[in-house]
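The working numbering puts the first residue of the sequence shown at 303, with every later residue one more than the last.
Ideal Cβ positions, reconstructed from N, Cα and C, are used throughout, including at glycine.
The structure presented is a predicted model; accordingly, all values stated were derived computationally and were not measured.
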Amino acid sequence: MKKFLALLLALVLALSLAACGGNNNDTQQGGDGDAATYPEYFAGMDQLIADAQAEGELVVYGSCEEEYLTAACQHFEELFGIKVNAQRLSTGEVQAKIEEENGNPSADVWFGGTTDPYNVCAAEGLLEPYAATNASHLIDDMYKDADGNWYGIYKGILGFMVNTDELTRMGLEAPADWTDLLKDEYKGLIWLSNYNTAGTAKLVVNTMIQKYGHDEGIKYLVDLDKNIEVYTKSGSGPSKNVGTGECVIGIGFLHDGITQIVDNGYTNVSLIIPSSGTSFEVGATAIFKGAAHSNAAKLWIEYALSPECVELAAQNGSYQFLVIDNATQPSQASEFGLDPNNVMEYDFEDAKNNTKAYVEDIINALAAAGANTEDTSRFQTE
303 MKKFLALLLA LVLALSLAAC GGNNNDTQQG GDGDAATYPE YFAGMDQLIA
353 DAQAEGELVV YGSCEEEYLT AACQHFEELF GIKVNAQRLS TGEVQAKIEE
403 ENGNPSADVW FGGTTDPYNV CAAEGLLEPY AATNASHLID DMYKDADGNW
453 YGIYKGILGF MVNTDELTRM GLEAPADWTD LLKDEYKGLI WLSNYNTAGT
503 AKLVVNTMIQ KYGHDEGIKY LVDLDKNIEV YTKSGSGPSK NVGTGECVIG
553 IGFLHDGITQ IVDNGYTNVS LIIPSSGTSF EVGATAIFKG AAHSNAAKLW
603 IEYALSPECV ELAAQNGSYQ FLVIDNATQP SQASEFGLDP NNVMEYDFED
653 AKNNTKAYVE DIINALAAAG ANTEDTSRFQ TE
């Protein structure tokens, strides 16, 4: 009887294990041969994961905010056991660095930051195309490069952030549109980012040229220069100084303003969408051509296009709209009245082909108008 019961127990146990193994879609075989469990977004990627783990390392240049970059890299390490080395650089800095390294990059992937510098690097053959499986979850084809050079992970709206206390103290109304920024009363009150170092500023150049035409767009930016106190190295630089009042009017992405209100308690910051229309960024990720850890880089792209990664943004003070259909949108963006569809049609192809030339045009025009573009206290590079 005991032998029969033992055999029966063994049979039940075997059937139970078989049932568990057959129903657990999240269980995949890790690269070390031991059973490893990964989220469902990585189903069918066993070989890629194993090859990436064999490389054992990944180097990331991040152009999103530091907190989000750190959280994303740490979570990738936890998921896959691959060591991640990350450095936070503005998109313009990454572009310059990758151009200088010319196919022998010191990093494997680029993460975050607006796509204009990505497009410049793609046009120069400095990004590695990759057909990402998780790109099937992108909500529109506009959020990826047609050749797979980069993929979008979020969307941010360009606008103004103003310190309402300072405007009230000075008896000034907040600007409602781009042309308002040219008013004499705003002299020395406006901050923008550096056209040479920040993807945000490159987007501003492209936006003005697409709104007004090349010559009028450049003229607008030259006229605007008379009211700008400082050009910060990073696109988020103006937003970080609005709440304190050092910057009264900042031009940048409105989700950076939300961070200052929600996370840092600056209730004196107001967000403004220009009344005649504005543009938007697509925050992206890409693999550098010649990446030393190519499989880990491909796995990173799959990870960056999963809820595992993009939902970390709102948990770490970055409130952009997400562009994959299986992720939960941050409630903060809509609570502040932002609409991801209330933007102008942006010509990505023109930006891809001409951003570099347009930046040279505005820098030359500013110098010709008398601005000292070599003054690093105003045109900041650090």
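Going by DSSP, which residues form a beta bridge with residue i?
{"i": "E583", "result": "G458"}
{"i": "M463", "result": "G552 and L573"}
{"i": "Y453", "result": "K446 and T587"}
{"i": "A388", "result": "V362"}
{"i": "V507", "result": "Its beta-bridge partners do not exist; DSSP assigns none."}
{"i": "E430", "result": "I589"}
{"i": "W493", "result": "V532 and G552"}
{"i": "F681", "result": "Y533"}
{"i": "L440", "result": "I626"}
Work out the CA separation of residue j and residue i for me, nearest whole Å.
{"i": "S581", "j": "G454", "result": "16 Å"}
{"i": "W493", "j": "I530", "result": "5 Å"}
{"i": "W412", "j": "E401", "result": "13 Å"}
{"i": "F638", "j": "G559", "result": "10 Å"}
{"i": "T683", "j": "L668", "result": "17 Å"}
{"i": "A434", "j": "A673", "result": "45 Å"}
{"i": "Q512", "j": "M646", "result": "10 Å"}
{"i": "K399", "j": "L484", "result": "34 Å"}
{"i": "E403", "j": "N655", "result": "21 Å"}
{"i": "S608", "j": "N618", "result": "16 Å"}
{"i": "P477", "j": "A424", "result": "36 Å"}
{"i": "D482", "j": "T470", "result": "17 Å"}
{"i": "G394", "j": "E359", "result": "25 Å"}
{"i": "S577", "j": "N643", "result": "14 Å"}
{"i": "Y340", "j": "N597", "result": "17 Å"}
{"i": "A354", "j": "T587", "result": "18 Å"}
{"i": "V612", "j": "V507", "result": "28 Å"}
{"i": "G519", "j": "I459", "result": "19 Å"}
{"i": "L428", "j": "G405", "result": "6 Å"}
{"i": "G595", "j": "L491", "result": "Sequence check: residue 595 is His here, not Gly. Distance between the alpha carbons of H595 and L491 is about 46 Å."}
{"i": "E676", "j": "I665", "result": "10 Å"}
{"i": "G383", "j": "G592", "result": "23 Å"}
{"i": "Y660", "j": "Y522", "result": "13 Å"}
Am I right that residue i and residue j are in contact with their C-beta atoms under 8 Å? What's the rounded C-beta distance?
{"i": "I589", "j": "G461", "result": "31 Å between Cβ atoms; not a contact."}
{"i": "K457", "j": "F344", "result": "K457 to F344, Cβ: 24 Å. No contact."}
{"i": "N421", "j": "F650", "result": "7 Å"}
{"i": "F378", "j": "Y605", "result": "6 Å"}
{"i": "S620", "j": "Y363", "result": "Between Y363 and S620 the Cβ distance is about 17 Å, and since that is not below 8 Å, they are no contact."}
{"i": "M463", "j": "V544", "result": "5 Å"}
Hey, does residue i have any beta-carbon neighbour from chain B nearer than 7 Å?
{"i": "A606", "result": "Here there is only one protein chain, and chain B is not present."}
Do residue i and the ligand COA come close, with the Cβ less than 6 Å from some heavy atom?
{"i": "G383", "result": "Only the bare structure without any ligand can be found here, which leaves the ligand COA out of the picture."}
Can you check the region 346 to 378 for any alpha helix (DSSP H) of at least 4 residues that lies completely inside it and give the ranges in chain order? 348 to 357
Within the region 607 to 670, note down every full alpha helix (DSSP H) run reaching 4 residues or more, in order along the chain. 609 to 612, 614 to 617, 633 to 637 and 650 to 670
Pick out the complete alpha helix (DSSP H) segments inside the region 394 to 420, 4 residues or longer, and give them in chain order. none
The region 595 to 614 in contact with the region 337 to 357 per 3-pair CB rule at 8 Å: yes
The region 442 to 456 in contact with the region 515 to 530 per 3-pair CB rule at 8 Å: no
Closer than 8 Å is the cut-off here; do at least three beta carbon pairs connect the region 494 to 502 with the region 534 to 553? yes
Count the C-beta pairs between the region 363 to 374 and the region 383 to 397 that are closer than 8 Å, then say yes if the count reaches three, no if not. yes
Assess, as a yes-or-no matter, whether the region 427 to 446 is touched by the region 626 to 644 under the definition of 3 or more beta carbon pairs within less than 8 Å. yes
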